[in-house]
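> For the sequence shown, my numbering begins at 3 and goes up steadily by one.
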Amino acid sequence: MMPKARKRDASRRISVFGTGYVGIVTAATFASRGHEVVCVDVIPDKVALVNSGISPVHEPGVDKALKKAVRAGRLRATTDAEEAVKGTDISFICVGTPSGPDGTIDLAQVRAVAADIGKALGGKRGRHLIIVKSTVVPSTTVEVVLPIIRRGSGRKVGRTLGLACNPEFLREGSALRDSMRPDRVVIGAVDKESLEEVEALYPGGRVPIIRTDPTTAEMVKYVSNAFLAARIALANEVANICSAYEVDVYEVMRAVGLDERIGPHFLRAGAGFGGSCFPKDVRAMVQAAREEGVTLHVLPAVLQQNEFQPLEVVRLLREATGGLKGKVIALLGVAFKPDTDDVRETRALPMAVALLKAGTRLRVYDPNHKALVEFTGLVRGTAHAKIRGGARNLSMASDLTEALDGADGCLVQTEWAEFRKIPPSTFKRLMKRPVVVDGRRTFDPEAMLQAGIDYSAVGWKNR
Ligand code: UGA
Numbered sequence: 003m004m005p006k007a008r009k010r011d012a013s014r015r016i017s018v019f020g021t022g023y024v025g026i027v028t029a030a031t032f033a034s035r036g037h038e039v040v041c042v043d044v045i046p047d048k049v050a051l052v053n054s055g056i057s058p059v060h061e062p063g064v065d066k067a068l069k070k071a072v073r074a075g076r077l078r079a080t081t082d083a084e085e086a087v088k089g090t091d092i093s094f095i096c097v098g099t100p101s102g103p104d105g106t107i108d109l110a111q112v113r114a115v116a117a118d119i120g121k122a123l124g125g126k127r128g129r130h131l132i133i134v135k136s137t138v139v140p141s142t143t144v145e146v147v148l149p150i151i152r153r154g155s156g157r158k159v160g161r162t163l164g165l166a167c168n169p170e171f172l173r174e175g176s177a178l179r180d181s182m183r184p185d186r187v188v189i190g191a192v193d194k195e196s197l198e199e200v201e202a203l204y205p206g207g208r209v210p211i212i213r214t215d216p217t218t219a220e221m222v223k224y225v226s227n228a229f230l231a232a233r234i235a236l237a238n239e240v241a242n243i244c245s246a247y248e249v250d251v252y253e254v255m256r257a258v259g260l261d262e263r264i265g266p267h268f269l270r271a272g273a274g275f276g277g278s279c280f281p282k283d284v285r286a287m288v289q290a291a292r293e294e295g296v297t298l299h300v301l302p303a304v305l306q307q308n309e310f311q312p313l314e315v316v317r318l319l320r321e322a323t324g325g326l327k328g329k330v331i332a333l334l335g336v337a338f339k340p341d342t343d344d345v346r347e348t349r350a351l352p353m354a355v356a357l358l359k360a361g362t363r364l365r366v367y368d369p370n371h372k373a374l375v376e377f378t379g380l381v382r383g384t385a386h387a388k389i390r391g392g393a394r395n396l397s398m399a400s401d402l403t404e405a406l407d408g409a410d411g412c413l414v415q416t417e418w419a420e421f422r423k424i425p426p427s428t429f430k431r432l433m434k435r436p437v438v439v440d441g442r443r444t445f446d447p448e449a450m451l452q453a454g455i456d457y458s459a460v461g462w463k464n465r
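#1: What do you reckon, is the C-beta of K223 under 8 Å from a heavy atom of the ligand UGA?
#2: Once the 5 residues before and after K327 are set aside, which same chain residues still bring their CB inside 7 Å of it?
#3: What residue does the beta strand (DSSP E) around M398 start on, and which one ends it?
#4: Name the DSSP beta bridge partners of V138, please?
#5: Here's the rule: buried if 16 or more other CB atoms are within 10 angstroms of the residue's CB, otherwise exposed. What is S13?
#6: Can you tell me whether DSSP reads D467 as helix, strand or coil?
#7: Taking the Cβ atom as the reference point for each residue, do A79 and A50 lie within a distance shorter than 9 Å?
#8: Quick check: what's the CA-CA separation for T378 versus A337?
#9: Name the one or two DSSP bridge partners that T214 has.
#10: Run through the DSSP bridge pairs and tell me what E38 is partnered with.
#11: Assuming S427 is part of the alpha helix (DSSP H), what are its boundary residues?
#12: Mind checking H371: buried by the 16 CB within 10 Å criterion, or exposed?
#13: Judging by CA-CA distance, which residue of G105, V147, G89 and A114 is the nearest neighbour of R129?
#14: Beta-carbon within less than 8 Å of V187's beta-carbon, same chain only, minus the 5 sequence neighbours each way: which residues are those?
#15: Evaluate H299 with the Cβ neighbour count: other Cβ atoms within 10 Å of its Cβ, from every protein chain shown; 16 or more gives buried, anything less gives exposed.
#16: I'd like to know if the stretch 380 to 393 and the stretch 408 to 423 are in contact, where contact means that at least 3 CB-CB pairs between them fall below 8 Å.
#17: Between the alpha carbons of N1 and P425, how many angstroms are there, rounded?
#18: Quick check on DSSP: helix, strand or coil for F476?
#19: Assuming D456 is part of the beta strand (DSSP E), what are its boundary residues?
#20: Flag this pair as touching only if the stretch 109 to 129 and the stretch 270 to 279 have three or more C-beta atom pairs under 8 Å; answer yes or no.
#21: What does DSSP give as the partner residues of S101 in its beta bridges?
#22: Just to confirm, are A332 and V366 a CB contact at a threshold of 9 Å?
#23: Answer yes or no: the CB of K339 versus the heavy atoms of the ligand UGA, is any distance below 8 Å?
#24: K223 to I189, Cα distance in whole Å?
#25: For S93 and A393, what's the separation of their Cα atoms in angstroms?
#26: If you measure from the CB of I107, is any heavy atom of the ligand UGA nearer than 8 Å?
#27: Whole angstroms is fine: what's the gap from R346's alpha carbon to M433's?
#28: Should I26 be labelled buried (16 or more other beta-carbon atoms within 10 Å of its own) or exposed?
#29: What are the boundary residues of the alpha helix (DSSP H) that D283 is part of?
#30: Under 9 Å, do I107 and F19 count as touching if we go by C-beta distance?
#31: Quick check: does the Cβ of A290 come within less than 8 Å of any heavy atom belonging to the ligand UGA?
#32: Helix, strand or coil, according to DSSP, for V438 in the structure here?
#33: Taking the alpha carbon of A356 as the reference point, which residue from D368, V316 and N395 has its own alpha carbon closest?
#34: Is V24 near the ligand UGA, in the sense that its beta carbon is under 8 Å from a heavy atom of that ligand?
#35: In whole angstroms, what is the alpha-carbon distance linking K135 and E170?
#36: Considering Cα atoms alone, identify which of D456, P369 and Q111 is closest to D341.
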């Protein structure tokens with residue numbers, strides 16, 4: 003007998019495995035919709051944080067949502083996977099899938115969680131639905147997760163076991179908003195019952211729901227990120243051509259983006275894309291295609307362009323300063339984008355390494371202290387292996403004034419609001435020469451030039 007169709011919005015008991023960006027935001031979202039949520043993590047410190055209503059990752063709005071849910075008794079965290087599975091009816095897998103050295107994703111955490119859930123299900127009665135939200139290459143849900151669950155639980159997909167892949171499309175910095183108000187919900191389920199059960203977790207309304215199989219859902223996630231990354235790489239390539247013709251790429255893209263077929267988003271040229279998703283996902287797709295024997299042309303080029311772009315920004319600085327050796331350089335912004343403490347794949351790293359290699363005395367500053375500390379650690383680790391003398395010419399500035407004081411050049415890598423507010427007079431007053439290279443179009447070029455700043459930017463009419 004098939005279980006009855008689920009009522010949308012009925013309160014469910016949900017366990018969420020992993021308290022990183024995806025897990026904690028998923029947990030906060032479902033708790034705020036009235037579901038009973040248990041977060042599971044192997045790290046006791048993270049569990050303790052969540053239980054006191056604090057997010058283990060920096061993400062606007064999440065602390066407030068967690069505190070409210072914890073206080074209302076709708077959310078708690080534990081390290082005990084078995085207890086969490088037995089006390090809930092739905093488990094989300096939201097653990098990390100980091101890149102291996104060749105770009106292949108490392109499924110160790112996904113496998114471990116699937117094994118824990120499978121084992122716990124062996125001793126549990128009633129139906130259980132498992133939903134993969136971690137970003138995994140196509141076919142992982144069916145070919146990796148399902149066999150592990152089957153082995154551990156002895157169950158087959160059907161009356162007592164449901165399985166689906168329901169990827170997320172969250173951006174760091176606005177993850178909670180993106181999760182609460184998604185522009186589409188993609189559900190790839192192994193059977194109709196699982197599909198309906200996942201769908202019932204999302205509020206009805208005008209949000210398009212794509213009902214499909216797990217492998218297609220996994221593919222949608224990868225292609226979305228590959229497409230956005232490719233747009234940025236193309237915008238950057240176009241920017242470099244624009245510079246040669248002394249044309250402003252932002253003016254060009256404003257006009258290009260008005261074509262309905264193109265649209266205005268993700269055309270901001272700059273220092274390239276960083277973060278935990280685009281570089282990793284494109285690399286994983288390239289590697290997965292290679293394993294399938296598919297010849298790719300565009301995606302490897304996207305990755306190449308993204309490695310080149312930060313060095314192009316350094317080239318602009320070299321030209322503006324008349325040579326980098328011995329110069330004091332302020333690198334502003336090391337987080338991969340504003341409003342995050344995340345430095346994974348930040349474009350500031352290849353810039354810092356190139357600047358140190360060129361013999362500069364480098365000062366780095368970021369409004370987010372955690373990002374700054376982690377970044378200097380990253381640079382020291384990389385420099386140690388790649389540069390003679392390591393990172394002895396690297397220093398961490400505690401504020402903007404310290405970063406800019408007496409500097410020969412300034413390079414902006416993250417367009418933090420704090421930087422947008424810097425008046426040109428500050429550069430003129432503090433720096434030896436007000437040379438500013440804008441890697442993210444943080445400032446209005448005309449205003450900077452009029453104020454007497456020696457300003458250059460990606461895709462701008464530089465000398
Ligand atoms: C990205 C996607 O935007 C999300 O839809 C997706 O869910 C997420 O990856 C994921 O897979 O989890 P995120 O990495 O948080 O989100 O950040 P983005 O805002 O997309 O920015 C990524 C990088 O691209 C940043 O370094 C940013 O500076 C750069 N970027 C973005 C540009 O250089 N130009 C643009 O026009 C837009």
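A virtual CB, placed ideally from N, CA and C, is assigned to each residue, including glycine.
On the basis of the supplied data:
#1: Yes, Cβ of K223 sits closer than 8 Å to a heavy atom of the ligand UGA.
#2: Taking C-beta separations shorter than 7 Å and ignoring five residues to either side along the sequence, the partners of K327 in its chain run A360 and G361, following chain order.
#3: Where M398 is concerned, the enclosing beta strand (DSSP E) stretches over L396 to M398.
#4: Partner residues in a beta bridge of V138, as assigned by DSSP, do not exist.
#5: S13 should be labelled exposed.
#6: Residue 467 lies beyond the range of the chain shown here (3 to 465); nothing can be said about it.
#7: Taking 9 Å as the Cβ cut-off, A79 and A50 qualify as a contacting pair.
#8: For T378 and A337, the distance between alpha carbons rounds to 11 Å.
#9: Answer is G190, bridged to T214.
#10: Bridge pairing for E38: R15 [DSSP].
#11: Counting along the chain, the alpha helix (DSSP H) containing S427 begins and ends at P426 to L432.
#12: Within 10 angstroms of the beta-carbon of H371 lie fewer than 16 other beta-carbons, which makes it exposed.
#13: The residue with the shortest Cα to Cα distance from R129 is G89.
#14: Annotation for V187: N168, E201, Y204, V209, P210, I211 and I212 place their beta carbon closer than 8 Å to its own, counting only its chain and skipping 5 residues before and after.
#15: Result: exposed.
#16: Per the Cβ contact rule, the stretch 380 to 393 is not in contact with the stretch 408 to 423 (fewer than 3 Cβ pairs under 8 Å).
#17: Beyond the ends of the chain as shown, which are 3 and 465, falls residue 1; an answer cannot be given.
#18: The displayed coordinates of the chain run from 3 to 465. Any statement about residue 476 would go beyond what the structure contains.
#19: Per DSSP, D456 belongs to the beta strand (DSSP E) from D456 to A459.
#20: No: fewer than three Cβ pairs fall under 8 Å.
#21: Under DSSP, S101 forms a beta bridge with I107.
#22: Yes, they are a contact pair.
#23: Checking the Cβ of K339 against the ligand UGA gives yes.
#24: Each residue's Cα considered, the two are about 11 Å apart.
#25: Each residue's Cα considered, the two are about 45 Å apart.
#26: Not under cutoff, so the answer is no.
#27: Cα-Cα distance, rounded: 30 Å.
#28: The residue is buried, with at least 16 neighbouring Cβ atoms inside 10 Å.
#29: Residues F280 to E293.
#30: Contact: no.
#31: Not so, every heavy atom of the ligand UGA lies at least 8 Å from the Cβ.
#32: Strand.
#33: Out of D368, V316 and N395, V316 has the C-alpha closest to the C-alpha of A356.
#34: True, at least one ligand heavy atom lies under 8 Å from that Cβ.
#35: Distance from the CA atom of K135 to the CA atom of E170, rounded to whole angstroms, is 6 Å.
#36: Closest option to D341, judged by alpha-carbon separation, among D456, P369 and Q111: P369.
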